[in-house]
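S.K.: To start, I am sharing the structure in question, which I have written as structure tokens.
Numbering (our numbering), first residue to last: 411 to 716.
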């Protein structure tokens, strides 16, 4: 369980989750390193990513209306909702307020459940509902884009839809974005097992576990807390359950950031191991470039509607 959780969530705790792949290319000439450094872009902040997603929803709305349907821009997750999903909590203040974010997740789920687009689509006649679905999400029979994954296999998505057109307008090239995004965001599995077996990580994790024991919480690793939390809060009132959640979350974050080097060590190792994946460097740089292009386009879209 720990390995699977780590493989899917490690990148969320690491600020250098994407740029790390381009910063440690050993064996490069000075000129090549300078070129690589110049090509790097930082990862978008949560607030910037929100701006891009909100602009995407506006573009989807325009496209769906052009197809003859109503569409309400879907509310995107806020900055607070985007935190707390990594391998280990690294923000004591956030943990003190939100615990593991269970209430935030419930809030997001409620928004999704009450999405007016669902009710609208369900009320359409059968033929129109099918047309609505194809307009929004695409028709596989009309052509699919394929992206190969770093660990093997591939994923596909319809090449044309309102969602695809919106992303194409934001990123400039939907097909290029789809390929780059699927590579850049699926690299963790290539090195997670080796990173977890790294003595530096194991030492930091043992120190974190000892810190938690000293605080009265005996857990071998952060995922073990998430696994047990539903049982710890079962039958409690919402208020008491949130108190239990916050106590554990604060202890986890303090032990990870202030009392031990777990977060710092994980970030350093993440950067180091990603730096060995030179064969994916071009995909990562392209992913970064397209992200920032989308951010600029999103700002223009919002400004044009301001």
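In this text, a Cβ means the ideal position worked out from N, Cα and C, and glycines have one as well. As the structure is a prediction and not an experimental result, all values here were calculated from the model.
Between which two residues does the beta strand (DSSP E) carrying residue 554 extend?
M.R.: What you label residue 554 is simply residue 144 of the chain shown in a count that begins at 1. It spans 554-558 - the beta strand (DSSP E) in which residue 554 sits, taken as one unbroken run.
S.K.: If you draw a straight line from the C-alpha of residue 393 to the C-alpha of residue 680, how long is it?
M.R.: Missing from the structure shown is residue 393; the chain here goes from 411 to 716 and no further.
S.K.: Can you find the residues in the same chain that come closer than 7 Å, C-beta to C-beta, to residue 627, ignoring five residues on each side of it along the sequence?
M.R.: Mapped onto the chain shown, residue 627 falls at position 217. 658 and 661, listed in sequence order.
S.K.: Are residue 462 and residue 594 touching if we call contact CB-CB under 7 Å?
M.R.: Residue 462 sits at position 52 when you count from the first residue of the chain shown. Residue 594 sits at position 184 when you count from the first residue of the chain shown. No, they are not a contact pair.
S.K.: For residue 696, does the count of other Cβ atoms within 10 angstroms reach 16, so buried, or fall short, so exposed?
M.R.: For this step, residue 696 is matched to residue 286 along the chain shown. Buried, because 16 or more other Cβ atoms sit within 10 Å of the Cβ of residue 696.
S.K.: Closest to residue 573 by C-alpha separation, out of 458, 698 and 477, would be which residue?
M.R.: Residue numbering aside, residue 573 sits at position 163 when the chain shown is read from its first letter. With distances taken between Cα atoms, residue 573 lies closest to 477.
S.K.: Report yes if the C-beta of residue 498 is less than 6 Å from at least one heavy atom of the ligand ZN; otherwise report no.
M.R.: The ligand ZN is not part of the structure shown, which contains no ligands of any sort.
S.K.: Let's test the definition: count the other Cβ atoms within 10 Å of the Cβ of residue 598 and tell me whether it reaches 16, buried, or not, exposed.
M.R.: Start at 1 with the first residue of the chain shown, and residue 598 comes out as number 188. So residue 598 ends up on the buried side.
S.K.: For residue 501, I'd like the list of residues in its chain whose CB is within less than 7 Å of its CB, leaving aside the five on either flank, ordered along the chain.
M.R.: The count along the chain shown starts at 1 and reaches residue 501 at position 91. Once the five neighbours on either side are set aside, the close Cβ partners of residue 501 are 493 and 663.
S.K.: When DSSP labels each residue in this structure, what does residue 568 get in the three-state scheme?
M.R.: In the chain shown, the residue the question calls residue 568 occupies position 158. In the structure shown, residue 568 sits in a strand (DSSP, three-state: E or B).
S.K.: Taking the beta carbon of residue 475 as the centre, do at least 16 other beta carbons fall within 10 Å, making it buried, or is it exposed?
M.R.: Along the chain shown, read from residue 1 onward, the residue named residue 475 stands at position 65. Exposed, because fewer than 16 other Cβ atoms sit within 10 Å of the Cβ of residue 475.
S.K.: Note down the Cα distance separating residue 426 from residue 497, rounded to an integer number of angstroms.
M.R.: Translated into positions along the chain shown, residue 426 becomes position 16. Translated into positions along the chain shown, residue 497 becomes position 87. Because the pLDDT at residue 426 is just 36, under 50, the model does not fix this residue reliably, and the value given afterwards should be weighed accordingly. Distance between the alpha carbons of residue 426 and residue 497: 14 Å.
S.K.: Is it true that the segment 598-607 meets the segment 482-489, where meeting means three or more beta-carbon pairs spaced less than 8 Å apart?
M.R.: no
S.K.: Mind checking which residues open and close the alpha helix (DSSP H) that includes residue 504?
M.R.: For the purposes of this step, residue 504 is taken as residue 94 along the chain shown, with counting starting at 1. Per DSSP, residue 504 belongs to the alpha helix (DSSP H) from 502-508.
S.K.: Could you name the residues of the same chain whose beta carbon sits closer than 8 Å to that of residue 718, not counting the 5 residues immediately before and after it, in chain order?
M.R.: Examination of residue 718 is not possible in this model, given that the chain is present from 411 through 716 alone.
S.K.: Kindly give me the distance between the Cβ atoms of residue 700 and residue 586, rounded to whole angstroms, as I take these residues to be in contact under 8 Å.
M.R.: Numbered from its first residue, the chain shown carries residue 700 at position 290. Numbered from its first residue, the chain shown carries residue 586 at position 176. Residue 700 to residue 586, Cβ: 7 Å. Contact.
S.K.: Alpha helix (DSSP H) containing residue 587: first to last residue?
M.R.: For this step, residue 587 is matched to residue 177 along the chain shown. From DSSP, the alpha helix (DSSP H) with residue 587 extends over 584-594.
S.K.: Reducing DSSP to helix, strand and coil, say where residue 493 ends up.
M.R.: Position 83 of the chain shown, counting from 1, holds the residue named residue 493. Residue 493 falls in the coil class under three-state DSSP.
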